[in-house]
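**Student:**
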Amino acid sequence: MSKHKLKLALRDAWARLLWVSGLHSLVQRCSAPRVLVLAGHCVSAPSNASLSKDMKIRAADLERILATFARRYDILTMGEAAERLRSGRLARSAVVLTMDDGYADNLTHLAPLLARLGAKATIYLETRALTERRLNWTHGLFLLLDHMGHERFVARYRALARDERGVSILEETLRLRGGDTYHIKRVLKYEVDRLDRERVLEALLSEEGLAASELCERLYLTWEQARELAREGHEIGAHTESHAILSRCSPDEQRREIEGSRDAIARELGAAPASFAYPFGREWDWDEHAARAVMAAGYTSSTTTHPGTNRPGADMARLKRVMIDEDVRLELLVAEACGGFDLLRRLGFQPPA
Ligand SMILES: [Zn+2]
Numbered sequence: 033m034s035k036h037k038l039k040l041a042l043r044d045a046w047a048r049l050l051w052v053s054g055l056h057s058l059v060q061r062c063s064a065p066r067v068l069v070l071a072g073h074c075v076s077a078p079s080n081a082s083l084s085k086d087m088k089i090r091a092a093d094l095e096r097i098l099a100t101f102a103r104r105y106d107i108l109t110m111g112e113a114a115e116r117l118r119s120g121r122l123a124r125s126a127v128v129l130t131m132d133d134g135y136a137d138n139l140t141h142l143a144p145l146l147a148r149l150g151a152k153a154t155i156y157l158e159t160r161a162l163t164e165r166r167l168n169w170t171h172g173l174f175l176l177l178d179h180m181g182h183e184r185f186v187a188r189y190r191a192l193a194r195d196e197r198g199v200s201i202l203e204e205t206l207r208l209r210g211g212d213t214y215h216i217k218r219v220l221k222y223e224v225d226r227l228d229r230e231r232v233l234e235a236l237l238s239e240e241g242l243a244a245s246e247l248c249e250r251l252y253l254t255w256e257q258a259r260e261l262a263r264e265g266h267e268i269g270a271h272t273e274s275h276a277i278l279s280r281c282s283p284d285e286q287r288r289e290i291e292g293s294r295d296a297i298a299r300e301l302g303a304a305p306a307s308f309a310y311p312f313g314r315e316w317d318w319d320e321h322a323a324r325a326v327m328a329a330g331y332t333s334s335t336t337t338h339p340g341t342n343r344p345g346a347d348m349a350r351l352k353r354v355m356i357d358e359d360v361r362l363e364l365l366v367a368e369a370c371g372g373f374d375l376l377r378r379l380g381f382q383p384p385a
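Written out as structure tokens, the structure reads:
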């Protein structure tokens with residue numbers, strides 16, 4: 033057994049033990065209060081059928097998770113949780129549900145589910161999708177790969193791209209990994225020139241006759257729908273304008289993305305957002321300059337996608353979140369929320385994500 037598999041097995045066994053034995057409630061009582069922030073995108077629905085399963089969570093799974101937590105934890109919005117973390121007045125552990133990007137199912141499928149539970153969520157908007165009805169490049173890529181297949185996609189990318197180094201890495205990846213969408217996306221995310229990428233993907237979409245605007249219309253909220261979510265008591269946060277990888281942006285571009293999404297929400301909803309989430313969210317997807325720019329823009333918190341929980345005194349510009357999707361397992365979330373995984377971390381064991 034590889035070391036990674038052994039670690040996964042240990043993590044799973046510990047979480048299972050806590051859950052099945054009920055020991056998690058004892059661990060929770062003995063642990064200092066903390067905030068677990070859940071991070072999802074979509075609730076599985078016809079509108080998002082074309083998205084991969086790591087982009088969505090089944091309604092029944094989400095309802096069970098939130099109903100379980102509601103018994104022992106406060107369910108807060110990110111803004112409320114940030115206030116308690118900042119002031120140090122966190123009397124009881126809390127769970128926050130955040131949803132990234134701003135998908136239409138957040139209104140049609142998530143909101144009714146939350147209404148049944150009496151819970152509120154924080155929805156981080158990629159504002160250009162609402163304002164200009166323009167998809168970010170990842171959705172364009174998935175559409176193209178689906179339509180063209182990986183080999184033809186890479187061949188056409190080669191024909192249109194100016195970025196020789198990036199294309200070589202793309203071809204090498206296709207040779208080594210074949211039709212693996214994750215690795216193709218990874219190369220386009222980190223290895224190619226991003227302006228060239230935007231240009232080539234736009235050109236390919238039109239070459240293939242794919243109307244990205246129709247997908248955007250189906251997938252994303254409108255501003256009116258965002259206002260409806262806000263009227264129902266959900267918090268609307270910001271997630272940049274174009275879902276940019278902030279670490280790859282110049283300081284000026286960072287400021288435009290961070291302040292532009294703030295201003296769009298303020299204009300459309302009548303109040304500036306308090307909460308921000310870094311697109312993609314890993315520590316190499318943003319940097320110190322971006323973190324400072326977020327706080328300077330008036331946000332009270334910014335969330336990453338590094339797993340763990342948050343305690344009072346946490347750095348508000350780098351809060352941790354745990355991803356949820358169709359493979360979600362309640363016992364792993366409970367082990368994190370109750371402090372069970374932090375116990376392992378204190379013993380020097382880092383549970384793998
Ligand atoms: Zn996102």
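Each residue of the sequence shown is one higher than the one before, counting from 33 in the numbering used here.
Using N, Cα and C, we set each Cβ at its ideal position, and we do this for glycine too.
Can you give me the Cβ contacts of Trp318 inside the same chain, cut-off strictly under 6 Å, excluding the 5 residues immediately before and after it?
**Tutor:** As a working note, residue 318 is residue 286 in the sequence shown. Answer for Trp318: Leu278, Ser279, Tyr310, listed in chain order.
**Student:** Using only the alpha-carbon positions, how far apart do Val75 and Leu139 sit?
**Tutor:** Numbered from its first residue, the sequence shown carries residue 75 at position 43. Numbered from its first residue, the sequence shown carries residue 139 at position 107. One C-alpha to the other measures close to 10 Å.
**Student:** Would you call the CB atoms of Ala328 and Ser293 closer than 9 Å?
**Tutor:** Taking the sequence shown and counting its residues from 1, one reaches residue 328 at position 296. Taking the sequence shown and counting its residues from 1, one reaches residue 293 at position 261. Cβ atoms of Ala328 and Ser293: not closer than 9 Å.
**Student:** With Ile297 as the anchor, note down where its beta strand (DSSP E) starts and where it stops.
**Tutor:** For the purposes of this step, residue 297 is taken as residue 265 along the sequence shown, with counting starting at 1. No beta strand (DSSP E) holds Ile297; the alpha helix (DSSP H) holding it covers 283–301.
**Student:** Looking only at DSSP bridge pairs, what is Val127 linked to?
**Tutor:** By 1-based counting over the sequence shown, the position of residue 127 is 95. Beta-bridge pairing links Val127 to Leu68, Ile107.
**Student:** If you measure between the beta carbons of Thr170 and His275, is that distance less than 9 Å?
**Tutor:** Working through the sequence shown from its first residue, we reach residue 170 at position 138. Working through the sequence shown from its first residue, we reach residue 275 at position 243. Their beta carbons are under 9 Å apart, which means Thr170 touches His275 by this criterion.
**Student:** With DSSP as the reference, label Ser333 as helix, strand or coil.
**Tutor:** For the purposes of this step, residue 333 is taken as residue 301 along the sequence shown, with counting starting at 1. Three-state result, Ser333: strand.
**Student:** Throw me the rounded Cβ distance for the Ala136 and Leu253 pair, which I believe falls under 8 Å.
**Tutor:** Counting from one through the sequence shown, the residue named residue 136 turns up at place 104. Counting from one through the sequence shown, the residue named residue 253 turns up at place 221. Indeed, because the Cβ distance is near 5 Å, the residues count as touching under 8 Å.
**Student:** Closest by CA to Arg166, which one among Glu234, Ala147, Lys85, Thr205?
**Tutor:** Taking the first residue of the sequence shown as position 1, residue 166 is located at position 134. Closest option to Arg166, Cα to Cα, is Glu234.
**Student:** Beta carbon of Ala367, beta carbon of Leu50: below 9 Å?
**Tutor:** Here residue 367 corresponds to residue number 335 of the sequence shown, with the count starting at 1. Here residue 50 corresponds to residue number 18 of the sequence shown, with the count starting at 1. Yes; because the gap between Cβ atoms is below 9 Å, this pair is in contact.
**Student:** Report the CB separation of Gly372 from Val59 in whole angstroms; it is logged as a contact under 8 Å.
**Tutor:** On the sequence shown, residue 372 is found 340 positions in, with the first residue counted as 1. On the sequence shown, residue 59 is found 27 positions in, with the first residue counted as 1. That belief holds up - the Cβ atoms of Gly372 and Val59 are roughly 5 Å apart, short of 8 Å.
**Student:** Report the three-state DSSP secondary structure of Met355 (helix, strand or coil).
**Tutor:** As a position in the sequence shown, residue 355 is number 323, starting the count at 1. The three-state secondary structure of Met355, taken from DSSP, is strand.
**Student:** Under DSSP, the beta strand (DSSP E) around Ala309 begins and ends at which residues?
**Tutor:** Position 277 of the sequence shown holds residue 309. Note, Ala309: beta strand (DSSP E), 307–309.
**Student:** Buried or exposed, going by whether 16 or more other CB atoms sit within 10 Å of the CB of Ala303?
**Tutor:** Position 271 of the sequence shown, counted from the first residue, corresponds to residue 303. Counting other Cβ atoms within 10 Å of its Cβ, Ala303 stays below 16 and is therefore classed as exposed.
**Student:** Taking Ala151 as the reference, give the member of Tyr105, Arg118, Tyr189 with the closest Cα.
**Tutor:** For this step, residue 151 is matched to residue 119 along the sequence shown. Comparing Cα positions, the closest option is Tyr105.
**Student:** Please tell me whether Gly181 and Gly211 are closer than 9 Å, where the distance is taken between their beta carbons.
**Tutor:** Locating residue 181 in the sequence shown gives position 149, where the first residue counts as 1. Locating residue 211 in the sequence shown gives position 179, where the first residue counts as 1. Yes.
**Student:** What first and last residue would you give for the alpha helix (DSSP H) that runs through Ile201?
**Tutor:** Reading the sequence shown from its first residue, position 169 is the one you call residue 201. Element bounds for Ile201: 196–209.
**Student:** Look up Lys37 in the DSSP assignment and say whether it is helix, strand or coil.
**Tutor:** Numbered from its first residue, the sequence shown carries residue 37 at position 5. Helix, per DSSP.
**Student:** Are there any heavy atoms of ligand 1 lying less than 8 Å away from the beta-carbon of Ala161, as far as the coordinates show?
**Tutor:** Counted from its first residue, the sequence shown places residue 161 at position 129. No, since every heavy atom of ligand 1 falls outside the 8 Å radius drawn around the Cβ of Ala161.
**Student:** Going by beta carbon distance, what residues of the same chain come within less than 7 Å of Asp132, once the five residues before and after it are set aside?
**Tutor:** Here residue 132 corresponds to residue number 100 of the sequence shown, with the count starting at 1. Excluding positions up to five away in sequence, the list reads Ala71, His73, Tyr156, His271, Ala309.
**Student:** To the nearest whole angstrom, what separates the beta carbons of Thr332 and Met348, a pair I think is in contact under 8 Å?
**Tutor:** Residue 332 sits at position 300 when you count from the first residue of the sequence shown. Residue 348 sits at position 316 when you count from the first residue of the sequence shown. That belief holds up - the Cβ atoms of Thr332 and Met348 are roughly 7 Å apart, short of 8 Å.
**Student:** Counting along the chain, where does the alpha helix (DSSP H) carrying Glu246 start and finish?
**Tutor:** As a position in the sequence shown, residue 246 is number 214, starting the count at 1. Run containing Glu246: 244–251, per the alpha helix (DSSP H) assignment.
**Student:** Quick one: using the 10 Å Cβ neighbour count with 16 as the cut-off for buried, is Lys352 buried or exposed?
**Tutor:** Working through the sequence shown from its first residue, we reach residue 352 at position 320. Buried, because 16 or more other Cβ atoms sit within 10 Å of the Cβ of Lys352.
**Student:** Just checking Tyr156 against ligand 1 - is the residue's beta carbon closer than 8 Å to any of the ligand's heavy atoms?
**Tutor:** Numbered from its first residue, the sequence shown carries residue 156 at position 124. Within the cutoff, so yes.
**Student:** Assuming Tyr122 and Pro65 are in contact, meaning their beta carbons sit under 8 Å apart, how far apart are those beta carbons, in whole angstroms?
**Tutor:** Residue mapping note: residue 122 aligns to position 90 of the sequence shown, counting from 1. Residue mapping note: residue 65 aligns to position 33 of the sequence shown, counting from 1. Checking the sequence shown, residue 122 turns out to be Leu, not Tyr. Right, the Cβ-Cβ distance comes to about 5 Å (below 8 Å), so this counts as a contact.
**Student:** For the stretch 112–184, list the alpha helix (DSSP H) runs that are entirely contained and at least 4 residues long, ordered along the chain.
**Tutor:** With a minimum length of 4 residues, the continuous alpha helix (DSSP H) runs that stay inside the stretch 112–184 are 143–149, 159–163, 169–180.
**Student:** Does Trp46 pass the burial test, meaning 16 or more other C-beta atoms within 10 Å, or should it be called exposed?
**Tutor:** Here residue 46 is taken as the residue at index 14 of the sequence shown, counted from 1. Trp46 is buried by the Cβ-count criterion.
**Student:** Quick check on this structure: which residue in Ala191, Glu203, Thr213, Leu149 has the alpha carbon closest to the alpha carbon of Phe174?
**Tutor:** Start at 1 with the first residue of the sequence shown, and residue 174 comes out as number 142. The shortest C-alpha separation from Phe174 is found at Thr213.
**Student:** Taking 8 Å as the cut-off, is the beta-carbon of Pro311 closer than that to any non-hydrogen atom of ligand 1?
**Tutor:** Taking the sequence shown and counting its residues from 1, the one referred to as residue 311 is at position 279. Under cutoff, so the answer is yes.
**Student:** So for Glu230, helix, strand or coil by DSSP?
**Tutor:** Within the sequence shown, the letter at position 198 stands for residue 230. Helix.
**Student:** Span of the beta strand (DSSP E) holding Ala367?
**Tutor:** Here residue 367 corresponds to residue number 335 of the sequence shown, with the count starting at 1. From DSSP, Ala367 is part of no beta strand (DSSP E) but of the alpha helix (DSSP H) over 362–369.
**Student:** With 16 other CB atoms within 10 Å as the buried threshold, where does Gln286 fall?
**Tutor:** Mapped onto the sequence shown, residue 286 falls at position 254. By the 10 Å Cβ count, Gln286 comes out buried.
**Student:** Once the 5 residues before and after Arg343 are set aside, which same chain residues still bring their CB inside 7 Å of it?
**Tutor:** For the purposes of this step, residue 343 is taken as the residue at position 311 of the sequence shown. Ala64, Arg66, listed in sequence order.
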